[in-house]
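Just add 2 to the spot in the sequence shown (first one is 1) and you have the numbering used here.
Here the structure comes first, spelled out in structure tokens, and everything after it is commentary.
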Amino acid sequence: MKTAAVLLYLSFAAALFASGVSATSMLWPVLVWAVVVLFVAAILRVHAVVNRPGVNR
């Protein structure tokens, strides 16, 4: 879960930087792509942790 938290934090940090960059800048699409990729990676990591074999429910 620490990995998911770090990925989510990095996603929010990239979103913060993207909000400060002009949308016409070449950097903006890269930051938006990073936000999406990091957020999806965090969700997939949580999914993998929750659904791993041997979890007591």
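Using N, Cα and C, we set each Cβ at its ideal position, and we do this for glycine too.
Predicted, not measured: the structure shown is a model, and the values here were computed from it.
(1) If the criterion is Cβ atoms closer than 9 Å, does the pair Leu9 and Ala50 meet it?
(2) At a cut-off of 8 Å, would you count Asn53 as near the ligand PLP, judging by its Cβ distance to the nearest heavy atom?
(3) Can you tell me which of the three DSSP states Val52 falls into?
(4) For the alpha helix (DSSP H) holding Val23, just list the boundary residues, first then last.
(5) Anyone know if the C-beta pair for Phe19 and Leu33 falls short of 9 Å?
The short version:
(1) Residue 9 sits at position 7 when you count from the first residue of the sequence shown. Residue 50 sits at position 48 when you count from the first residue of the sequence shown. No, the pair does not count as a contact, with Cβ atoms beyond the cut-off.
(2) In the structure shown, the ligand PLP is absent, as is every other ligand, since no ligand is present at all.
(3) For the purposes of this step, residue 52 is identified with residue 50 of the sequence shown, where counting begins at 1. If DSSP states are grouped into helix, strand and coil, Val52 belongs with the helices.
(4) Here residue 23 refers to the residue found at position 21 of the sequence shown. Run containing Val23: none; DSSP gives neither H nor E here.
(5) Locating residue 19 in the sequence shown gives position 17, where the first residue counts as 1. Locating residue 33 in the sequence shown gives position 31, where the first residue counts as 1. Yes, the Cβ-Cβ distance between Phe19 and Leu33 is below 9 Å.
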